[in-house]
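What follows is a set of notes on a single structure, which appears directly below.
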Amino acid sequence: MAAHTDPYQNEYALSSPPPPLILCPRPPPHPFQCSATEEHVKDHCNLDVLNSATLVQNTRARFKEDVIYTYISEILIAVNPFKYIDGLYTEEKKSKYKGVNWTTLEPHVYAAAEMAFKHMELQSQSQSLLVSGESGAGKTETNKQLMDYLIWRAGTDKSKSSKRDLSKMIMDTNPVLEAFGNAKNSRNKNSSRFGKYVNLKFNRDLQVMGAEIRTFLLEKSRVTSTSLAGERSYHIFYQVIQGGSPGTLSVCPPSARSELVWRVPLRHHRVPLRHHLVLRFRRTIESFVMP
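Here it is in structure tokens:
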């Protein structure tokens, strides 16, 4: 107990101050702190700590076990395995995901397709599936599997099918588009050099009636030249040469076959035919192998 007098001569008593209370708050997690658990989860949102490091760690752990699909809520992340995985795309796998809620099974491209189909069925509204990623990420293959599952899931309108199966006709458009729009680059031997919008048409019974495919942003400069060494023009040019008869190449001397010069008319809907475009393919015909 101590006495104190203020400037106005008022005297009052002061008690001893209590000991200081030291609070030790828990520090915020480090931006690159990883999760405490060592087990991977199928949805990144279920991680104890969600940041860039834990997302990569969880994806890597699943990738090492050949599990290439992971969710971020309803967003599906796919990592290109660059190898064939047994049982990943089979009829049994399709049947497993048919009519099942996407949260109950392991992440898969079939689950994303099933989700879109169920929303279309329940809400009677058109649905969109966006496939994006950098070169070599697996967009082309993912798009194939989405189309394959949706056509299998819905079935086709038998009245629209003539001599050929409608589903096969739709799926057979992929090799044609890839021939004219895919090329080898430094990272991917079958890189799509264009954007593709696929519109599947369904009737009231939710059967596939047909498909509309729109392409955009084709890399036209690749027709005449490539930006880096070791890259190629579009597959179709090499396929035409590879599929030619022996007599087609007999007119070309052996010394010129290593760098074939093929003259093709250059046409444009606004520019009249004025000259020939020279396309030089720096690949030998004998050693050319399609990727």
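Just so it is clear: in the sequence shown, position 48 is 139 by the numbering used here, and no numbers are missing. Backbone N, C-alpha and C fix where the C-beta goes; we use that ideal spot for every residue, glycine too. In this text, all values refer to a predicted model and were calculated from it rather than measured experimentally.
Which listed residue (L146, F307 and P198) has its alpha carbon closest to that of V289: F307
If we count the other Cβ atoms within 10 Å of its Cβ and call it buried at 16 or more, is T375 buried or exposed? Legend: pLDDT at T375 = 33, less than 50; position of this residue unreliable, no value from coordinates given.
Quick one: what's got a C-beta closer than 8 Å to V299's C-beta in the same chain, skipping five residues either side? L241, I242, A245, G246, T247, D248, L257, S258, I261, L291, K292 and F293
Mind checking whether S283 and T231 have CB atoms under 7 Å apart? Against a cut-off of 7 Å, the Cβ pair of T231 and S283 comes out as a contact.
Of all the options D296, V170 and R151, which has the alpha carbon lying nearest to the alpha carbon of S226? V170
Classify S51 as helix, strand or coil using the three-state DSSP reduction. The structure shown does not extend to residue 51, since the chain is modelled only from 92 to 382, so the question has no answer here.
Quick one: residues in its chain with C-beta nearer than 6 Å to the C-beta of N234, no 5 flanking neighbours on either side, listed in chain order? V222
When we look at the beta-carbon of P172 and count the other beta-carbons within 10 Å, is it buried (16 or more) or exposed? exposed
Considering only residues of the segment 159-218, which uninterrupted alpha helix (DSSP H) runs meet the minimum length of 4 residues and lie entirely inside it, listed in chain order? The segment 159-218 contains these whole alpha helix (DSSP H) runs: 182-188 and 200-214.
Quick one: which unbroken beta strand (DSSP E) runs of 3-plus residues sit fully inside the segment 279-305? Chain order, please. Listed in chain order, the complete beta strand (DSSP E) runs (minimum 3 residues) inside the segment 279-305 are 286-293.
Over what stretch of residues does the alpha helix (DSSP H) that includes V267 continue unbroken? T264 to G272
Cutoff 6 Å; reference R305; Cβ partners in own chain excluding five residues on either side: Non-local beta-carbon contacts of R305 in its own chain, meaning distances under 6 Å to residues more than five positions away in sequence, involve Y288 in chain order.
Which one or two residues does DSSP pair with T233 in a beta bridge? Beta-bridge pairing links T233 to no other residue.
Other residues of its chain near L309: CB distance less than 7 Å, five sequence neighbours each side excluded: G272, R284 and F285
In angstroms, rounded to a whole number, what distance separates the CA positions of H360 and V140? Reliability fails at H360, whose pLDDT of 32 lies under 50, so the model's placement of it is uncertain and the value that follows must be treated cautiously. Straight-line Cα distance between these residues: approximately 57 Å.
For D239, three-class secondary structure by DSSP: helix
On the DSSP letters alone, give me the boundaries of the alpha helix (DSSP H) that K133 sits inside. In the DSSP assignment, K133 falls outside any alpha helix (DSSP H), carrying neither H nor E.
Start and end of the alpha helix (DSSP H) containing S143? S143 to K155
Quick test of your reading: H131 and N149, contact by CB under 8 Å. State the CB separation rounded to the nearest angstrom. 5 Å
Alpha carbon to alpha carbon, how far is V200 from I176? 14 Å
In angstroms with no decimal places, state the Cα-to-Cα distance between A347 and L319. The pLDDT assigned to A347 is 47, lower than 50, so where the model puts this residue is not dependable; a value taken from the coordinates is nonetheless given after this. So the alpha carbons of these two residues sit roughly 23 Å apart.
Residues sharing a beta bridge with Y325, DSSP: A274
Take E303 as the anchor and find which of Y160, N137, M238 and A152 has the nearest alpha-carbon. Considering only alpha carbons, the answer is M238.
Closest to E197 by CA distance: which of L297, A274, L179 and M211 is it? L179
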